[in-house]
Structures are given as structure tokens and as C-alpha cells.
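Single-structure report; data block below.
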Amino acid sequence: MLVNSALYDDGRIVAEPGLDGVSEALQAKSGFVWIALRDPTDDELNRLQHELDLPPLAVEDARKGHQRPKVEEYGDMLFAAMHLIEVGPQGELEVGEVHVFVGARFVVSVRHRSQQGFLGVRGRAEREPHLLQLGPGFVFYALMDAVVDRYFPLIDAIEAELEQLEETMFQHGQDRQALVQRLFALKQRLATLRHAVSPLLEVTAKLHGGRVPSVCKAMHDYFRDVSDHLLRIQASIDAARETIVSATQVNLTLVTIDESLVTKRLAAWAAIFAASTALAGIWGMNFEKMPELKWAWGYPMALGAIVLVSGALYWRFKRLQWL
Amino acid sequence: MLVNSALYDDGRIVAEPGLDGVSEALQAKSGFVWIALRDPTDDELNRLQHELDLPPLAVEDARKGHQRPKVEEYGDMLFAAMHLIEVGPQGELEVGEVHVFVGARFVVSVRHRSQQGFLGVRGRAEREPHLLQLGPGFVFYALMDAVVDRYFPLIDAIEAELEQLEETMFQHGQDRQALVQRLFALKQRLATLRHAVSPLLEVTAKLHGGRVPSVCKAMHDYFRDVSDHLLRIQASIDAARETIVSATQVNLTLVTIDESLVTKRLAAWAAIFAASTALAGIWGMNFEKMPELKWAWGYPMALGAIVLVSGALYWRFKRLQWL
Amino acid sequence: MLVNSALYDDGRIVAEPGLDGVSEALQAKSGFVWIALRDPTDDELNRLQHELDLPPLAVEDARKGHQRPKVEEYGDMLFAAMHLIEVGPQGELEVGEVHVFVGARFVVSVRHRSQQGFLGVRGRAEREPHLLQLGPGFVFYALMDAVVDRYFPLIDAIEAELEQLEETMFQHGQDRQALVQRLFALKQRLATLRHAVSPLLEVTAKLHGGRVPSVCKAMHDYFRDVSDHLLRIQASIDAARETIVSATQVNLTLVTIDESLVTKRLAAWAAIFAASTALAGIWGMNFEKMPELKWAWGYPMALGAIVLVSGALYWRFKRLQWL
Amino acid sequence: MLVNSALYDDGRIVAEPGLDGVSEALQAKSGFVWIALRDPTDDELNRLQHELDLPPLAVEDARKGHQRPKVEEYGDMLFAAMHLIEVGPQGELEVGEVHVFVGARFVVSVRHRSQQGFLGVRGRAEREPHLLQLGPGFVFYALMDAVVDRYFPLIDAIEAELEQLEETMFQHGQDRQALVQRLFALKQRLATLRHAVSPLLEVTAKLHGGRVPSVCKAMHDYFRDVSDHLLRIQASIDAARETIVSATQVNLTLVTIDESLVTKRLAAWAAIFAASTALAGIWGMNFEKMPELKWAWGYPMALGAIVLVSGALYWRFKRLQWL
Amino acid sequence: MLVNSALYDDGRIVAEPGLDGVSEALQAKSGFVWIALRDPTDDELNRLQHELDLPPLAVEDARKGHQRPKVEEYGDMLFAAMHLIEVGPQGELEVGEVHVFVGARFVVSVRHRSQQGFLGVRGRAEREPHLLQLGPGFVFYALMDAVVDRYFPLIDAIEAELEQLEETMFQHGQDRQALVQRLFALKQRLATLRHAVSPLLEVTAKLHGGRVPSVCKAMHDYFRDVSDHLLRIQASIDAARETIVSATQVNLTLVTIDESLVTKRLAAWAAIFAASTALAGIWGMNFEKMPELKWAWGYPMALGAIVLVSGALYWRFKRLQWL
């Protein structure tokens, strides 16, 4: 589906050529075309490929989707794939994609399986003509910056949940299974985020250091800034991963400690009852000569002895913190 | 066993020289020979070596099989080994191999211990003469692409099974041993796949970046595409491995939690029965003066006391979720 | 908030131009300006950017804070971010930041969320004019050196606590949960420190080896010294991390051993009581012909037998170290 | 002890100069000397050093033995150390060494603490004069190839044992301690093998890529072949190590599951007996009015009740798979 | 404290200038000064710095001590720091340091917190004038060689203790806590050794490969030899570390197995006693019609039944190896 198609010159919009007028619009001496597609049909991609002479392998990738984040050079054209991550209705992370074709005089963004549009990016760019004048390289930066900025709230949410887990973890009476399950789910979410960030970090490094592709030449500092944002997210991901690994291990120890406490309590109560039963058993024997059985106060004394022994054991276990 | 042998010129088949007519067929001014062998005899390999002047060490490798995936240069000839992985009758992975000799005017593929043929590859190539015109380099790419594409369903199957395991893992009453066993089996399958993919990834990197062997020169973008596919598989493998490691660890914690639950239940029932026994023991003592023994309602009251104490304990343990 | 602003020439202070007189002060033929800000307002940063022509992306970073440690080159200007770590009231680590802009004729330090000032650094520098003559590069070194020196007491404190934990860990009767919790807290503190040190180490390497930015040229040995300090801290962090990992693992084993001891003790007492109860139960049977029941010394003998058996078991378990 | 000493020219043996005639033999215009020593005395090494002008540091290494695998250049001479691994009488691995001095016109092999000789290598070489003509470089390759080929059966044996362990591991009633012990022993064996293979792999890489020492120049493809064999062994070692790590972890989980099963069984039988005892205790109370005590069928009914309750519990636990 | 100070020329000692005559002694046309200090005072270091024009940052390091092992170039002077490790009275490792300043015509060694002197090194050097002629570079090598050689007995002792632990680990009835404690202590000792060896290995690599500092030029092969020794120690450390990690993990499994055995034994004895008690309880019931109570042989039969059941259970558990 075509979302938008505009010809910009000197930082201002001068025409909206649609999908089929693109090559004609580019007959103009200067300016560049910025086209946005969403979940495009085969036909739309074919027409675009024909209009802009896009490389077949890149168009194939854009058609199939499910690419890893990457930036590939085809002659002096760039093809980039980035992940768009959204929080689904049950809090799970859903991965969409945006593919960007960047040429000397065009930018095409192709969005897949995602609700997150880039109208805001276009709006901001149109309000700052001096930046838009920088051409397709700037638009590419602006799109990438928007994608990366949307990763921050995701990692922030993970960190917040992790912090809360850390606080409750050492409290007694936690549902340890639920804790393990939440830690595991967090780790899976982190993995999703990492698969979006790590390969992108690798490729952005090439956009501001060493041999920079020509369309990004003037944008050196800007791409370094994106790279720096990705590094920060990456550092947060690494820290969170490590905390989860530690927490999972700590949780296992706490489970074992919990079990140890239960075993102690079991041992204590078993001892108290066993002592009572042993005493009662002794006075339940049928020997003829058991003088205390005939005492007037024999029974209360026996009961007293049982209570005393049980109480003494109880007090002792209480002091040992077994109860 | 010779599967196929054809001389292509200008993208079209012009002769089928068999095994012994190869050097003669190559007397033609242009064109190249594409030969496919399967589990070849020593004699077949020797004749081929003689016809095409193949390097002895490479032929030795092709004879013995059981190579790691690799691409080796011998002068301006390439020798490649790749793993073919098939799902066996009991779902286990079986590893075969294909070796490819690529020269300026020939391609030889030697398949070992595998049902997966490459007739489809030949068919598709013959239907697209403009690609076949690109010569042995293209055929090499087409074979490698076919091999790599066959890895996708394998990793997909592993991911699907893993996802199912993740879902059931946190449910109560799982057979934890079976879970561990399935996780272990998945890890072994992943290892098989990784040993096919990782070394191949290393070598394909050399086929599209830096100093590219001459027979692959024109195929730069195609081999980068194969490399990209391998990277995607590699990323999936890494993610699956990590999930398995986490899941194994989580499973250990869940086993320990399960044991803790059993210990608690044991403790609870032991306490209930021990209390009953202690009470019955007390009224089973033989003191002469135990007034309640003579009460008309003594026995029902005793039974009532036992039921009451047991019930109270039961209710308490229920509330503690020990039962 | 402006903390300080001074124009130095020939190693001596010659003017205090405030925030707005900076560009005017720099009309002087020689000398450089050293400005210190703390939690600056947007307005202060804007004025400074205007006066010194600071790069917008760097000013944006300084405005927002929460940067990873880094050194970025903008033309022949440097922008550095470093973490300031303080021990908070409950012993937790609080992370602030200092950003430094270093130009050919100015140094600006911007401190965020931190009580740690750099007046001492300025004081020492003013007392040594021959060093201050070296210009902004020296001031940059002095600031970085001060930041890094403040990491030493933090890692020392962690090492001291760790050493104490190691000593108590193998003593019996430890609160294992508290141990786990302290180890976990130490690991989190180490992570905070590491996130300050590791990226800084990466960037300082660039300030004394290979292509050194021009403002740091003369300071080669000094920055190598800072790098060496960071390496020492890094080595201590790595060693402490490893010790914590080992200690956590050891603690799990000790917890399991502890539980084993409890189970043994439970087993021993259960056996002693069960033997008594079984014996008493036997003499409590109602057979008519149980001759010992009629013996004069039957009861004391029975008691003796019970005591004897219990004592024998007790002695045996004592020897097995189960009790 | 001198094992062998021969002067080869044009691929054929022309003299057997012993240890002292070496320098004299090398007066001949062409040809090279191949000397084999075994556990040499100091005197033998000194004479050889004198005859061939071997570098003192290398001779010192050969004298002391216990070197890591390495290849060192001394001018245009090479000194190599490789590990010889044999299976000892109790199946343990015993590490010997062979040191090789390779010069333009000599090869000296010095074997330490090993039964594995290289007579077979010499024999095969003498039968193929066209290879022996290649000189010391070929002999060096042939020795290294022989050493590396002897690693294959060792890793094969480890893999076979590991496969067997994997199969039995999930069967019930395994002796888990023996399993752990065997896994640990396998890991130690793997470590021995890895310490022979990994450093050798590093150095062979230098013998076929980049700046190759002059004596190995013509042998480029041969050393790449050795390197490829080492890579295959290395890959097998890595895979086996990983399997052992997984298996050890799995085994811990299985031990915990086993313990859980025992605890369940204990709990079940304890409950059955406790119920019986509680019932018997109730009818053993001494209340005067316990009507059922007087019933004619009271006792059989009581027994029936006990059997019924025990049976019901037994059936329940059976269904829960606790028994 | 000044230990020694000598001027060597042509491999022979020609003067003993003390600390203050050094610069004067170096007026001689040739020769070099070798000075040894131990725990020097500030004053001694200052005088030396003045005499030899040592770089302030390096002197500062030597004054403060507690450096990581390193080699730094200051112009054509080298400053090296190495760790001296001694076994303390309780077997713990104590870390001292030696700092070495190497100039074109002087070597200064400064020893801190260590009993290990270098008189032996000086003695051996003086006995071999042809080596001493090589100048400060040789002395530097000799000192480093002496330091590294002293690491061998330390790693040997660790390996010996580890081997002994491995043997006892699988024996029954081990004190598992003591085992864990010894493994942990070994790991700490290894860490100490590793922090001495690893950084030194990094820096020695620079002394024999690539751009070698001028004072070490002629010593190429000697420093490679030191490097090789360090590599061997490093390999031993890595192997020992890995063994300790495995052994700790194995020990945890063995602890869990031990606990399982205790639980089984507990379960078995509990079952035996519970059966006896249940039987005795049944015959202790007060039903009027319990014919066996009146039999003449009732009591012996009951005892027999109890013994029989207990014996049968005992035999069964014995066969299951629960007892």
C-alpha cells in the first residue's frame, strides 16, 4: 500500500508523483523523491523496481521480509533493513521491519507487519527545510534515528520490571516459580531486542567511520550519534542480561534454601510428635508392675510430662530458628 | 555413480560427454562442463581427476568424505565441501556431504551419503540461460544457494519444537526428565546444524569481500546473498542455543521447586497423622485414674478431638498451600 | 549553574569573564578559558554554545545527560563524557556525570547529578603554573585523572567487603540467604563501576596511541598514565567479578551440604524415636501370655531396654557425625 | 639414543653417516640428512648441536622437553615441538613429545617419552623418491602429518564413549556417580588432546598462509592439508566438550529428579504406615464405652478398615506415580 | 635500601659507584651501571631520578608500587613492572613487585615487599662476561627470566594439589565442604598467578615481535624464550582453572547424590520401624474378640511376624542399595 510519495526540492515539497510518476518526476534537474510503502503488493514493488531501477536481490529481500538488520551497498545505492518492535496486547514483543532503499535522488521506505508509521518523521523534516536540503542521506538518518529512538522505551520497561523483580526476590514467601517464569520471559524479550540492535550497531559503524557510502558522506556526525544511541541500548541490554543470569542463579539458591527451611520445620514437628508418641507408648505398655499407673496424679503428671517435653523441644527449635 | 554430465555453451546444453569425453568436449572454444556424481567409486574419481587435471589433495578429500565445510583455492581452481543435512526416519539428523570442484571451464559436484539431489538446481538453471551464461561461478553459487536453503526448514523445525517446550515447561505436572531429554536432543541437533553453517559462513565471507577468487568475481552480490542467508541461520541457531541453555537451567530450578512442594506435602500429612497417633496414644495409656475414659461420651469426644485436630491442621496447611 | 569561569594566560589567571564575556575574553592573543558548570539550565548551555561555537549534537548530549563514557571528536574539538560515582546514604552507588568540551583555547566542564566538584583540581593546577601553561589538554587530563582516582576507593571497598564475605562463607551456621543477597548486591555495584570504567578505557587508549587528537598531543605520557590506572581498576573489577561468581556457586553447594546435614539429623532423631515407639508398642500388645509383663522388674527392664537402644543409636549417629 | 641417520640425495639414500659423520656427509654438493633420536643423552645432543650448528635455545628446549606445541624460526632454521599422545595401560592418556629441527639440508627428530616411532614415515618416504626429492620441508610435513593422523583414533574413541554415555544417561537406575566420574575423565582426556592440537593449529596456519618460512615454501598445499586435519579434530573436540558440559548439567538435573522420586516414595509409604498406626492407635484407646470393641466382627472389621485405607492410599499413590 | 651498585665494562665489574656516583661513573666512555634497590626511601629514588634523569611518571609508579605487570617506553628508556609471588607462612600467596628501569647505559631494579633477591642473577651474569657484554638489554632479560622461572614451582604446586583433589573427590565419605573450600582457595591462588602472568605475556610479545625497543634489539630470541615460558605457565593456569570449574560442578552433583543416599537410608529405616509399630499397634487394640491374643504362642508369633517383616524389608532395601 502506498502511504506517501513526494518530490522535494530545495527542502520543500514540489510534487506528489504517486508510484508511477516517479521516474518522470526525477526528470527534474534537482530534488529527490521520498516514497513510503506499507505491506506492499508484489505489483507495487515491481513497478517501483522498474521506475527506480532497484537491484533485484534487494527487492527480493524487501518482498520476502524477515531479514536481519543490515545495510548493503549496491553500487552507489544502499539497501537497509531494520526491525520495528512493538508491544503486543499481552505484553509480548512483536517484530516488524522497515526496509529502506537510498539512492542519490530517492528514498523508499517499505514497512512490514508494523503499526508504527513514519509520518512524524516526514512532518518534522518538512518543518526543517535546511535539513531536508541535505537530501536522501538525511532522510535515511531521520528514519534510522526514529527506529532507534523507539527501542529506548522497550529497554526502559525491561529495566523497570527487572528492578522490581530484584527487590521482591529476597523477600520470604515469594512464588519462586512465577519469579523464574518472569525472568525467563524477560530474557526472551531482551533477546528480541538484541537481535534488532546488535547487527544494526555493526552496520552503523560503517556509516560514520572508515569508507562511508557516498549518500551518507555529509551525515558523518549524525550517524555517529545514532551509533552512540545504539551503544547505549546495547550496554543496557548487556547489563540486564547479566542481572537476569545472576538473578536466575540466585533464585535457584533461594529455592534450595527455602527447601532447607521446610525440611527443618518438618524435622522439628516430627521430633515433637514422635517424643509425645514415644512417651504415651511407654505408659501404654501392659506391665503389671507400673506403679505410676496407680498414682492418683499419674495421668495429669503424664500429660504434664508430655506437654513439658513437647514444649521444651518447641522452645529449642524456636531458638534454632527451625520453627 | 555418474548422475549427469553436460556441456553448456552460451547458456544452452550442447553435449552430454559422459565421464570420459570431458577433456575432449572441452576442446570446444567456449562453454563449460557440469558433472554430477553421487557416492563415486575410486575409479570414477580417478578418471575425472585425469580428465580435468584436478589437484590430488582435493580429490583425496572428495574420496574420503567426512570433511568440514570449506572452500580451498588450488591455483585458479576452487574446491568446496558443504554438509547436506537430512531428517532421518527417527527424526535424528543425518549428515551427508557435497564436494564441488570449480574450474574456469568446469563444475563437478560429488554427493556423499545423501538423498538430496541437485536436479532441481540444474533444471532451474537450464530454464534461465542468461544466468547459466555466467559460467561455473554461477553454477557454484546455485549449488551453494540450494544447500543453504535446505537448512532453513531444519532450523524452523527446531524453533517450533523449542517454542512448544517453552510453553509446556511452566505447566505443573510435567515429566521433567522427558523435558530435559528433549532439550538435550535439540541441543545436539543444533550442534549438527551449527557445524554445517559456521565454517561455511567463514568461507563465503571470502567469496564476496576482499580478494575474491577469479571464478566468483562476477558473482559478488550473489555470494553476499548466500552469506546473508547463512548469517540469518546462524543468528537463529545462536538464539535457540541460548534459549536451550536458559530453559535447561530453568528446568533445574523447577525440579527443585517441585521437590520442595513434595517435601511440603509430605511434611503436612506426616504432621496430621502424627497428631492423631499422639492423641490416640495418650488415651491408650493405662493409668487407673483417667476420668474421661469412663465418661459415656468419652470415646466420641476423643474421636471428635482427633478429627478436629486433623481438620485444623489440614485447613492450616491448605491455607499455607502445602497441600 | 555557573561554578567558575577564568581566563588563564602563561599559567596564571588573568580574568574572570563569567559566561557572557567568554568570546570577548578570547580576543586576547593567547591564553585559554576554563569554565565549570553544574546542572546547567538550557539557557546557560545555549549561551555557551553561542559564545564558543560548540557543536549542536554535543551540546544536546550535555543537555540530556545519561550518556555512556565516551570521547568524540568534532573537527579539532573534543567532547568527553565520564561517570561520577558516589556512595549514597544507604551504601548504594549513585551515578552522576561530567561532560567536558575541549577546544584549542577553552575547556568547559559540565557536571550533572553529583556532589563531587573539581575545585581541588583547579586549585592544584593554579599552584603549578608550569603545568597549566600546557593549556586545555592538561586541564582535560587533570579532570580525567581526578575522575579516575575517585574510582579507586570504590573498588577498594568492594574488595574489602568481598574478602570479609570469603572468610565468613565457610563458617557453619551462616545465614546463607543474607550471603547470597550481599554477593548479588556486590555484583550490581561492580556492574555500575564497570560501566564507568570499560568504555573510558577504550577511549583513553585513543588519546595516547596511534592518531592522537591535536589538543592532547603533548600529553601523551599523561594519558597513558590514566589508561594504566583504568587498566588496574579493570583488572580488579574482573578479579572481583570472578570471585563473586565462584562464591555464589560455592554458596549453592554449601546450602545443599547444609540441607544434607539437616536431613541426616532428622533421619537420626526419627530413628531414635521410632525405635522407642516400636519397643513400647510391642509391650503394649494385649496378648495374654506375655510373661515379661508379669515380672517384678519387667517395667524397669523395658524402660532400660528403650533407653539402651536409644542410647546406642544416639552414640552410633554421633560417631557418624549425623548428630 | 640414535634411531637412524641417513643422507638422501635425489630422493634416494646414499649414506648412513651416524651421529658424528653428519657435517662431513654434508660436504657433498647436494642432498640432505635425516636423523632420528629417541630420549637422547646430553652428549648426543651436544654432538649434534656442534655438527649442525643448532641454535642453543632450541637445543635447550629439546633437552628439557615438556614444551608446548610450537614452531619457532631461528634464522632460516625451524624448530618444532609436537605432542605424541598414547593410551596408557589403564586407558589414561600419556603425553610424549617429538621435537624437529629443520634446516636447509637436514631434518632432526627427537622423540621423548613415547613408544610411537616414525620408521613407517621414513619407509613410506623412501618408497616415493619423487616426494623425498622435495627435501627437508617434505620430511617435516610427513612427520607432522603422521603426528596429527595419530590424534584421530583418540578423538574417535572419546566420541564413541560419549555417545554411549548419552544413550545410557536417560535410562532409569543409572549409577549417577559413575556417570559423573566418566564425564569428568572424558573432559580431562579432551583437555590433554586440546593442549596438543590448539597451539599446533596456530602455528601450522603460519606454514601455509602469509610469510611462509623458506624451507616450507614448496609445501604450501601440504601444510594447508595438515591444518585442515587439525581444524577437523579441533571441531570434534569443541563439539565433545560442549556435549560433556551439557551432559554434566543434565546429569545434575537427573540426580535431583531421582531424589525427588525417592522423596515421593518415602512420602507415600510413610503415609500408608502412618494411617494404619493411627487407626490401630484409636482402637487401642482405653475408653470404657467403645461399642465396636465388643462386636463379634469388630476385630476383622478393624483389620479390614486398615487394609482398605492402606490399599486406597496405595492405589492413589500408584496413580500419582509416587510409587 | 641500596642492595648493590656496579659499573660493568666489557663484561667485567670495574667500579662500585654507590648511589651518588652514578652520573660520574657514566662519564666513562663505555660500560653500564647496574643498581639494585629494595623497598627504597623517597630520598633514594629522588637521588636516582636526578642522577639518571629518570622520567617522573615512572619514578612515581616505582615509589607507590602496586602496579600491574607492564613495560612502558619513555623515549628510548624502558620501565617494567613485574610481580614477585611468594608462598607465605600459611601457604597463602604474597605478591611483591620488582620495577626495572632500563636505559642505554643503566639498569635499575627496585624490589618491593619481597624476600626474593636477584643476587643469584648478578652472580651468574658476572660469571659469563660474554653475555654481560650484551649490556642492559641482557640484564633486563636475565631479571625477567629469573622472575618468570620462579612462577613454575607455584603452578606445579597448584597442579599437584589439584591432582590429589581429583583423586579423592570421587571417594565416598569425603568432607565435601572441605573439598569445596580447597577448590575455592586453589582458584584464588590461580587468580593471583594469572594476574602476574597474563599482562606480562602481553608485553613480552612486544619485546620480540614487530617494533622492538632499541635496548632489547639484540635479545630477540631470548625474549621469545621468556615469552614461551610464560605461554606454558598460562596454558597450565588455563587448564587448572578449567579443571577447578569442572570439579566444583562435579562436587555439587556429588553432594546432591550424597543427599539422595541419605534420604534413601532415612526412607528405608523409617519404613522398617513404621511397619513394626503398625503391627504392634494392631495387636494392641482392645477388641474383645481377638482370638490370637489368647493363643499360647500368640506373643512369640507376633514378635516373629514383626522380626520377619522388618527382616524382609531390610533385605529388600539392602538389595536396592538403599541401606
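In order, the protein sequences belong to chains A, B, C, D and E.
Residues in the first sequence are numbered consecutively from 19, following the numbering used here.
Residues in the second sequence are numbered consecutively from 19, following the numbering used here.
Residues in the third sequence are numbered consecutively from 19, following the numbering used here.
Residues in the fourth sequence are numbered consecutively from 19, following the numbering used here.
Residues in the fifth sequence are numbered consecutively from 19, following the numbering used here.
Built from N, CA and C at the ideal position, the CB exists for glycine as well.
Chain G contact for residue i (CB, 8 angstroms cutoff)
{"i": "D/His213", "result": "You won't find chain G in this structure, because its protein chains are A, B, C, D and E."}
Closer than 8 angstroms to chain C by CB, residue i
{"i": "A/Lys282", "result": "yes"}
{"i": "A/Met237", "result": "no"}
{"i": "E/Trp340", "result": "no"}
{"i": "A/Arg65", "result": "no"}
{"i": "E/Glu198", "result": "For clarity, residue 198 of chain E is Val in the given sequence; the question names Glu instead. It does; some Cβ of chain C falls within 8 angstroms."}
Under 7 angstroms by beta carbon: chain D residues contacting residue i
{"i": "E/Phe305", "result": "Trp301, Leu311, Gly316, Tyr317 and Ala320"}
{"i": "B/Ala288", "result": "Ala288 and Ala292"}
Pairwise C-alpha distance: residue j and residue i
{"i": "B/Pro35", "j": "B/Arg56", "result": "17 angstroms"}
{"i": "D/Ala270", "j": "E/Leu297", "result": "Checking the sequence shown, residue 270 of chain D turns out to be Leu, not Ala. Approximately 39 angstroms, taken between the alpha carbons."}
{"i": "B/Gly93", "j": "B/Leu201", "result": "45 angstroms"}
{"i": "B/Leu96", "j": "B/Ala236", "result": "15 angstroms"}
{"i": "C/Ile275", "j": "D/Ala196", "result": "20 angstroms"}
{"i": "E/His84", "j": "E/Leu102", "result": "11 angstroms"}
{"i": "D/Ser23", "j": "D/Val244", "result": "26 angstroms"}
{"i": "A/Val280", "j": "B/Ser278", "result": "8 angstroms"}
{"i": "D/His190", "j": "D/Glu181", "result": "17 angstroms"}
{"i": "B/Gln67", "j": "B/Phe158", "result": "19 angstroms"}
{"i": "B/Pro107", "j": "B/Ala178", "result": "19 angstroms"}
is_contact[residue i, chain E] using C-beta, thresh 8 angstroms
{"i": "C/Phe188", "result": "yes"}
{"i": "D/Asp276", "result": "yes"}
{"i": "C/Ala80", "result": "no"}
Contact with chain D by residue i, beta-carbon distance below 8 angstroms
{"i": "E/Arg337", "result": "no"}
Partner residues on chain E for residue i, Cβ-Cβ distance less than 7 angstroms
{"i": "C/Met308", "result": "Tyr317"}
Contact with chain A by residue i, beta-carbon distance below 8 angstroms
{"i": "C/Ile176", "result": "no"}
{"i": "C/Ala298", "result": "yes"}
{"i": "B/Asp193", "result": "no"}
{"i": "C/Ser294", "result": "yes"}
{"i": "C/Glu90", "result": "yes"}
Chain A contact residues for residue i, given Cβ-Cβ distances below 7 angstroms
{"i": "B/Leu249", "result": "Arg86"}
Where residue i meets chain B, residues with beta-carbon distance less than 9 angstroms
{"i": "A/Leu44", "result": "Here the premise fails: no neighbours, minimum Cβ distance about 24 angstroms."}
Chain B within 8 angstroms of residue i, Cβ atoms only
{"i": "A/Ile173", "result": "no"}
{"i": "A/Phe119", "result": "no"}
{"i": "D/Arg242", "result": "yes"}
Listed by chain order, chain D residues near residue i by CB distance under 8 angstroms
{"i": "E/Asp163", "result": "The premise fails here: E/Asp163 is roughly 11 angstroms from chain D at the closest Cβ pair, so nothing lies under 8 angstroms."}
Secondary structure, alpha helix (DSSP H): runs of 4+ residues fully inside the stretch 159-190 of chain B: 169-187
May I ask you to list, following chain order, the residues of the stretch 251-273 of chain D that have a beta carbon less than 7 angstroms from some beta carbon of chain E? Thr266, Asn269, Leu270 and Val273
Going residue by residue through the stretch 78-116 of chain D, where are the continuous beta strand (DSSP E) segments of at least 3 residues, counting only ones entirely within it? If we require 3 residues or more, the beta strand (DSSP E) runs fully inside the stretch 78-116 of chain D come out as 88-92 and 95-105.
Return the chain-ordered ranges of every beta strand (DSSP E) run that is complete within the stretch 40-79 of chain D and spans a minimum of 3 residues. 50-56, all fully within the stretch 40-79 of chain D.
For a minimum of 3 consecutive residues, which ranges assigned as the beta strand (DSSP E) are wholly contained in the stretch 189-259 of chain E? none
Unbroken alpha helix (DSSP H) runs of length 4 or more, entirely within the stretch 283-337 of chain C: which are they? Scanning the stretch 283-337 of chain C for uninterrupted alpha helix (DSSP H) segments of 4 residues or longer gives 316-337, listed from N- to C-terminal end.
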